[in-house]
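Note sheet for the following structure.
There are 2 protein chains.
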Amino acid sequence: MTSIQSDARLQQVIGLLETVCGCSYVITGEEDLRAYGSDETQDLYFPFDILVKPADEKEIGELLRICNRYRIPVTPRGGGSGVTGGALPVQKGVVLSTERLNKIITINETDRYVIAECGVITQELCEAVEEKGLFFPVAPTSRAFSFVGGNVAENAGSMYSCKYGTTSRYVINLQVVLPNGEIFWTGANVEKNATGLDLTRLFVGSEGLLGVITKVVFRLLPKPRVSALMLTGFDDLAMACEAVIAIRRSGLSPAAAELIGHSALQLTRAYLKESFPLTADRIKAHLLIELNAADENRLAFETETVAQLLGEYTQDEIFLGSSSPEKERLWMIRRNIGNALKSENRLYRDIDVCIPLSFVYRYISGVEEICKREGVAVACFGHVLDGNLHTMLHWEKASFPGEDHFAAVLHEIYDFAISNGGVISGEHGIGYLQKEFMPLQFPASSLRLMKEIKTVFDPEGIMNPGKVL
Amino acid sequence: MTSIQSDARLQQVIGLLETVCGCSYVITGEEDLRAYGSDETQDLYFPFDILVKPADEKEIGELLRICNRYRIPVTPRGGGSGVTGGALPVQKGVVLSTERLNKIITINETDRYVIAECGVITQELCEAVEEKGLFFPVAPTSRAFSFVGGNVAENAGSMYSCKYGTTSRYVINLQVVLPNGEIFWTGANVEKNATGLDLTRLFVGSEGLLGVITKVVFRLLPKPRVSALMLTGFDDLAMACEAVIAIRRSGLSPAAAELIGHSALQLTRAYLKESFPLTADRIKAHLLIELNAADENRLAFETETVAQLLGEYTQDEIFLGSSSPEKERLWMIRRNIGNALKSENRLYRDIDVCIPLSFVYRYISGVEEICKREGVAVACFGHVLDGNLHTMLHWEKASFPGEDHFAAVLHEIYDFAISNGGVISGEHGIGYLQKEFMPLQFPASSLRLMKEIKTVFDPEGIMNPGKVL
Numbered sequence: 001m002t003s004i005q006s007d008a009r010l011q012q013v014i015g016l017l018e019t020v021c022g023c024s025y026v027i028t029g030e031e032d033l034r035a036y037g038s039d040e041t042q043d044l045y046f047p048f049d050i051l052v053k054p055a056d057e058k059e060i061g062e063l064l065r066i067c068n069r070y071r072i073p074v075t076p077r078g079g080g081s082g083v084t085g086g087a088l089p090v091q092k093g094v095v096l097s098t099e100r101l102n103k104i105i106t107i108n109e110t111d112r113y114v115i116a117e118c119g120v121i122t123q124e125l126c127e128a129v130e131e132k133g134l135f136f137p138v139a140p141t142s143r144a145f146s147f148v149g150g151n152v153a154e155n156a157g158s159m160y161s162c163k164y165g166t167t168s169r170y171v172i173n174l175q176v177v178l179p180n181g182e183i184f185w186t187g188a189n190v191e192k193n194a195t196g197l198d199l200t201r202l203f204v205g206s207e208g209l210l211g212v213i214t215k216v217v218f219r220l221l222p223k224p225r226v227s228a229l230m231l232t233g234f235d236d237l238a239m240a241c242e243a244v245i246a247i248r249r250s251g252l253s254p255a256a257a258e259l260i261g262h263s264a265l266q267l268t269r270a271y272l273k274e275s276f277p278l279t280a281d282r283i284k285a286h287l288l289i290e291l292n293a294a295d296e297n298r299l300a301f302e303t304e305t306v307a308q309l310l311g312e313y314t315q316d317e318i319f320l321g322s323s324s325p326e327k328e329r330l331w332m333i334r335r336n337i338g339n340a341l342k343s344e345n346r347l348y349r350d351i352d353v354c355i356p357l358s359f360v361y362r363y364i365s366g367v368e369e370i371c372k373r374e375g376v377a378v379a380c381f382g383h384v385l386d387g388n389l390h391t392m393l394h395w396e397k398a399s400f401p402g403e404d405h406f407a408a409v410l411h412e413i414y415d416f417a418i419s420n421g422g423v424i425s426g427e428h429g430i431g432y433l434q435k436e437f438m439p440l441q442f443p444a445s446s447l448r449l450m451k452e453i454k455t456v457f458d459p460e461g462i463m464n465p466g467k468v469l
Numbered sequence: 001m002t003s004i005q006s007d008a009r010l011q012q013v014i015g016l017l018e019t020v021c022g023c024s025y026v027i028t029g030e031e032d033l034r035a036y037g038s039d040e041t042q043d044l045y046f047p048f049d050i051l052v053k054p055a056d057e058k059e060i061g062e063l064l065r066i067c068n069r070y071r072i073p074v075t076p077r078g079g080g081s082g083v084t085g086g087a088l089p090v091q092k093g094v095v096l097s098t099e100r101l102n103k104i105i106t107i108n109e110t111d112r113y114v115i116a117e118c119g120v121i122t123q124e125l126c127e128a129v130e131e132k133g134l135f136f137p138v139a140p141t142s143r144a145f146s147f148v149g150g151n152v153a154e155n156a157g158s159m160y161s162c163k164y165g166t167t168s169r170y171v172i173n174l175q176v177v178l179p180n181g182e183i184f185w186t187g188a189n190v191e192k193n194a195t196g197l198d199l200t201r202l203f204v205g206s207e208g209l210l211g212v213i214t215k216v217v218f219r220l221l222p223k224p225r226v227s228a229l230m231l232t233g234f235d236d237l238a239m240a241c242e243a244v245i246a247i248r249r250s251g252l253s254p255a256a257a258e259l260i261g262h263s264a265l266q267l268t269r270a271y272l273k274e275s276f277p278l279t280a281d282r283i284k285a286h287l288l289i290e291l292n293a294a295d296e297n298r299l300a301f302e303t304e305t306v307a308q309l310l311g312e313y314t315q316d317e318i319f320l321g322s323s324s325p326e327k328e329r330l331w332m333i334r335r336n337i338g339n340a341l342k343s344e345n346r347l348y349r350d351i352d353v354c355i356p357l358s359f360v361y362r363y364i365s366g367v368e369e370i371c372k373r374e375g376v377a378v379a380c381f382g383h384v385l386d387g388n389l390h391t392m393l394h395w396e397k398a399s400f401p402g403e404d405h406f407a408a409v410l411h412e413i414y415d416f417a418i419s420n421g422g423v424i425s426g427e428h429g430i431g432y433l434q435k436e437f438m439p440l441q442f443p444a445s446s447l448r449l450m451k452e453i454k455t456v457f458d459p460e461g462i463m464n465p466g467k468v469l
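Heads up: the sequence lines are chains A and B, in that order.
Under this note's numbering, the first residue of the first sequence carries the number 1, and numbering increases by one thereafter.
Under this note's numbering, the first residue of the second sequence carries the number 1, and numbering increases by one thereafter.
Written as structure tokens, this is what we have:
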């Protein structure tokens, strides 16, 4: 894989791409490219050669064919919401922005699916289906700007994954474009499909390695009619974790269950400069439980059952939010952890392991020990019920001990998670940042198979080079 | 791909396999092989050379390596419950029975998964997890003898797939063995996993083409506490289909919804020789709706809502079964359709399309027209809510018009289903019987990719040759 090595070759390729997309959508001005050289991944920035904004899958097919012939790296880009560098043009070449493929094509209420172009914003899709009484439950935190195609490419999760799973569960069909320009649908718009190897799910989570996802078909659910949010605090992290296990073993299925560890709590309280319930120093953890149901009776029953269970593990008050403003207030701390970490000239690095629920307490305690020994601040919080915790290492910018030290700490934490049954990423993907850690999790056989599968789809290796494998 | 061409070569291979599995588990006597040359697929039978019954994945690895070196076809076999010939040794060689890998290894109640060897019988796994208050919702009709590994290989569905999806949704990790003898786990025992290409789901539904699945890890659900079954009849098939659509649009999620068309009803009534409610000639369809819930209140609400909706589409009585014997009686007709079709020197062929719900009425009417024109009897029934209908063409043995005529009718029905958004198989897989119809559903690009992916896993083409692709 090479980038565009000479000016003459660059001009030639630009000319060809312009015949496909039109001059206004083949962009090379340094200033215009700037925003597309970075995404939500730390402060990383990679300059590159050409930005293309094709109108549809046909144009994408033609421009991929050109790049394939000239062996030019192509980095597909959705909303740029990724945090592992999946959309960064690390080997220069072409960034293919899907922002013009932004139409919701069909919402089928009888067959209960939605067909959308890959560049539709998640939030818009959610709202459009909710207007029809339907529900797409996997909207990541970045829903206000993430694209549905990117969600599929990353197998994105959401706060609600503990009840509803990740994006993979909802994808029934994808329109994809291969580097050789072939355009086809991988599946069908039906609920069950036992025909051939599952190419649909091979594209889910493929992070742009195989081709470009141009249209998605998601199965939908009926919209839950009512929901409630509960918040309580614990003097002891172990008790918070035990409470979560008790809720799971009760047979209830909360829509969300978020744990906020002590340092995340303290950091965010300081950032918000406002008093919130249950944020005294003695409080070692918050637990937020969201319940939803098809009717008020069921919701009341579940709320009461959860309250009783929580009461066995904490003496603190249990706050219940039913109205939107009440819920907003209870979410306030959780929603602002990211802002707190980004403030005041701080640097942070996000670890997105998914581990077994039974290991959560030992994981958090172990990570805190590692970080204490290594002189790194750490804030743990996240989707506790499905074991997908976000572990944020953070520093004041001035005191960042350097990438090597960071990598060593990360390595130790990943080893600890993996040797206890965990994986490197629950929902953020591997992208550019986590690539070097894949051999910690996967045996050589798996990595070889993944590489060879990529080669089947992308023999010239132009698709998102430098990522995942 | 060749079979074992000479006696000397055969003896040599037998000797090698015996050093791996022991003499008692390498079987060549014609009588002992007989039962393994057929499965539940019509009356097909294929003789073959060697039956092996390895003890574990290590033995499987060693014997696959031998077969790979000698380029001997290997047909993996679970419970032999398949109906599309996936386990038939159509190119002779070795049948690898997984019947000795029959242990449930762990049921983890906190992390809510079960680890089982591939040869565990589905029903045994279901009962073992239910004893712990958990639920594995994808037990196919053949649950009494199908193996869990086979369910994964076929991406099996169940009566409950309209609410709970198919096997794919529950598989989080697989231990697999490649033809080169490599043994590894494809995933991890966690709820969310966004790491690398999804090899786990590539093995789900792979029908033995890629390697042997030796251990499975299924995520589990809390067990629903209560359920009820409703049965009613309709004078008009169109009204039955409208009723199903109304139930879906109500936002309720029945656990099962089975439609029985007029001829299936008449055939089974005659077979059972007993009087059942709503089987008068004027009744054109039965609808069975099973509801389940976490508590009685919710169940009562759903039952009432469904009864009201049904009442808008039929004047017939709505039977409600709550106790086991009541439910058994309501299921009686549905459970005996297969027996009725197999009786009295009849031949039948099973079509397993999955189509959009909105197309069900037009599909059944269209198929009835095709069959009438072609002089073939047809019985339609099945999982109507998820569009996975079983369409049984049947004949008295003496009057079977021959395979060519059958294939022509099948071709026309598949064309009709596919051109309206359907797929060839919702839950039975492609196997040996449906292979020739794959090009009707898939574009050349998809078929080429599937073949090349198979070659990545199985370069010598020894794994289940003659199937799917």
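Note that CB positions come from ideal geometry on N, CA and C, so glycine has one too.
C-alpha gap between residue i and residue j, whole angstroms
{"i": "A307(A)", "j": "I318(A)", "result": "7 Å"}
{"i": "Y125(A)", "j": "F135(A)", "result": "The question names Tyr, but residue 125(A) in the sequence shown is Leu. Whole-angstrom Cα-Cα distance: 10 Å."}
{"i": "F301(B)", "j": "E326(B)", "result": "20 Å"}
{"i": "E99(B)", "j": "V217(B)", "result": "18 Å"}
{"i": "A35(B)", "j": "F145(B)", "result": "14 Å"}
{"i": "F381(B)", "j": "V360(B)", "result": "11 Å"}
{"i": "F184(B)", "j": "C21(B)", "result": "20 Å"}
{"i": "V456(B)", "j": "V456(A)", "result": "9 Å"}
{"i": "G29(A)", "j": "A444(B)", "result": "40 Å"}
{"i": "G402(A)", "j": "E374(A)", "result": "12 Å"}
{"i": "R201(B)", "j": "G187(B)", "result": "9 Å"}
{"i": "K192(B)", "j": "T166(B)", "result": "18 Å"}
{"i": "V409(B)", "j": "G133(B)", "result": "47 Å"}
{"i": "S206(B)", "j": "V138(B)", "result": "17 Å"}
{"i": "L310(A)", "j": "M438(A)", "result": "38 Å"}
Identity of the residues DSSP links to residue i by a beta bridge
{"i": "G461(A)", "result": "Per DSSP, none; premise fails for G461(A)."}
{"i": "Y348(B)", "result": "H394(B)"}
{"i": "P76(B)", "result": "L96(B)"}
{"i": "I247(B)", "result": "None, per the DSSP bridge assignment."}
{"i": "P222(A)", "result": "L134(A)"}
Beta carbon of residue i nearer than 9 Å to that of residue j
{"i": "V384(A)", "j": "A246(A)", "result": "no"}
{"i": "Y348(A)", "j": "H394(A)", "result": "yes"}
{"i": "N180(A)", "j": "G78(A)", "result": "no"}
{"i": "S161(B)", "j": "N108(A)", "result": "no"}
{"i": "T450(B)", "j": "V468(B)", "result": "The sequence given here places Met at residue 450(B); Thr does not occur at that position. The answer is yes: Cβ separation under 9 Å."}
{"i": "F147(A)", "j": "V176(A)", "result": "no"}
{"i": "N68(B)", "j": "E452(B)", "result": "no"}
{"i": "H405(B)", "j": "D352(B)", "result": "no"}
{"i": "A270(A)", "j": "V226(A)", "result": "no"}
Buried or exposed (CB count within 10 angstroms, at least 16 for buried), residue i
{"i": "A116(B)", "result": "buried"}
{"i": "K273(B)", "result": "exposed"}
{"i": "G80(B)", "result": "buried"}
{"i": "T19(B)", "result": "exposed"}
{"i": "Y45(A)", "result": "exposed"}
{"i": "N464(A)", "result": "buried"}
{"i": "H390(B)", "result": "buried"}
{"i": "E290(A)", "result": "buried"}
Problem - Validate contact between the stretch 52 to 69 of chain A and the stretch 97 to 114 of chain A using beta carbons, cut 8 Å, 3 pairs - result: Yes, the stretch 52 to 69 of chain A touches the stretch 97 to 114 of chain A.
Problem - Three-pair Cβ contact test at 8 Å for the stretch 163 to 171 of chain B versus the stretch 206 to 226 of chain B - result: Look at the beta carbons and you see the stretch 163 to 171 of chain B touching the stretch 206 to 226 of chain B: at least three pairs across the two are nearer than 8 Å.
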